[in-house]
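To keep things clear, I will list the structure first and then write my remarks on it.
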Amino acid sequence: NTGEAIQSKLREVANAPGEEVSDVCQALKLLQEGKDINYQGASGNVDIDENGDVVGVYDVWRVEEDGKLKTVEQIKLQ
């Protein structure tokens, strides 16, 4: 497997359609069975556009005085 070969398939496994899966062993098993997957990494859902750029919505948090997190803004990358 070359870097180019892996790069050429990233979008196919990172984006819908396909079964959502976060365990890499399960993902590899499904791929070997010829099934489509939508891999959800450790950080959550990450989609890749046709240019290879990551797209999604990111939360900006603030820690409140009581120690709880509060979402103060959402940033959508386009």
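According to my numbering, the sequence shown is numbered sequentially starting from 1. Don't be surprised by glycine CBs; every beta carbon is placed ideally from N, CA and C. Since the model is a prediction, treat every value here as computed from it, not as a measurement.
Bridge partner(s) assigned by DSSP for residue i
i, result
"Thr71", "Trp61"
"Asn38", "Glu20"
Backbone secondary structure at residue i - three-state DSSP
i, result
"Val21", "strand"
"Val54", "strand"
Distance between residue j and residue i (C-alpha atoms, nearest Å)
i, j, result
"Gln7", "Gly44", "20 Å"
"Val72", "Tyr58", "11 Å"
"Gly34", "Thr2", "20 Å"
"Asp47", "Leu30", "19 Å"
Beta-carbon separation (whole angstroms), residue i vs residue j, contact threshold 8 Å
i, j, result
"Val60", "Leu69", "Actually they do not touch by this definition, with Cβ atoms about 10 Å apart."
**Stretch pair the stretch 12 to 27 + the stretch 35 to 42: three plus CB contacts closer than 8 Å** = yes
**Message:** Would you call the stretch 4 to 19 in contact with the stretch 44 to 61, where contact means no fewer than 3 C-beta pairs closer than 8 Å?
**Reply:** yes
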